[in-house]
Amino acid sequence: MDNIISKHHFLKKYFDYSLWDYQSEITLLENGRLEQNHPLRIIRTEGKLIIEYMPGFQTIDESQISCEMSNQEIIALILGSNVSFFEQQSFVMFAKEPMTLPLSEGLRIEPLSIHKKLDLGRLKSACSSHELERSLVGLEDDDTLGIYHGNDLLAAGSLWFLGEELADIHLITHPKFRSIGLGKLMIGLLVNRAFRLNRIPIARGEIQNEATYHVALSTGFVEAISIFEIVVE
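Counting in this note's numbering, the sequence shown tops out at residue 268, every number present.
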């Protein structure tokens, strides 16, 4: 894999993984996971528009939709102008190149296996359920690392392999050891590990999760895709 990944190259790989047509400016897809109170998913990137809709919609006329339309205009066209809704925005970023790692003096980096189950359990028990829902780090993931100080696991991170060429990054840090650079160190370790495995590292999350969003940006990730989940009130 080239050491510097362009946005065009990443999007091609992500579209292939998602089974979207990269050549098309507008893609309309039925998504069986969507439901009555969550009927639409609008995805935007680089002048392209993907609209996923719940099963059962009448045929949507693609000729009425353009990439220049706002989300509100698209929603009104498909759901009607009297529908009350809100948007949940999330992002997809990618790392364009390997990272220079910050200093890790006094720390020990180890792969995490089933033998480290108790260590990961203690780390997770110190975190809130909301943090655990966002982090999704587990020993069953494709590649899992830990940062130790002595016998204490301070942070854990993992790669989820998506298709043949992407790797999704997840991490969690002990609440007592945040804001000291462990998150950035773990991201760097995972990014470099993904590149060694010939995969493009990606980060995904809700835009409201400011900590994840800003850490990803500050470590060199590039914004690539915005996703809007439409929830009917």
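Beta carbons are placed, not taken as given, at the ideal position from N, Cα and C, and that holds for glycine.
Between which two residues does the alpha helix (DSSP H) harbouring Val127 extend? That residue, Val127, is in no alpha helix (DSSP H); its beta strand (DSSP E) goes 120-130.
In angstroms, rounded to a whole number, what distance separates the CA positions of Asp247 and Leu147? In the sequence as presented, Asp is not what sits at residue 247; that position holds Thr. About 22 Å.
Hey, Ala229 and Leu194 are a contact pair by Cβ (cut 8 Å); roughly how many whole angstroms apart? 6 Å
Given a threshold of 16 other Cβ atoms within 10 Å of its Cβ, counted over all protein chains shown, does Gly181 qualify as buried or as exposed? buried
Of all the options Glu258, Ile207, Lys42, Leu220, which has the alpha carbon lying nearest to the alpha carbon of Arg143? Leu220
Looking at chain C, is there any beta carbon in it that lies within less than 8 Å of the beta carbon of Gln107? Considering every chain present, this structure includes no chain C. It has just one protein chain.
For Ala161, which of Glu200, Phe212, Glu199 has the nearest alpha-carbon? Phe212
Bridge partner(s) assigned by DSSP for Pro146: Leu180
Looking at C-beta atoms only, is the number of pairs between the region 197-210 and the region 232-247 that lie closer than 8 Å three or more? yes
Am I right that Ser170 and Ile207 are in contact with their C-beta atoms under 8 Å? What's the rounded C-beta distance? 4 Å
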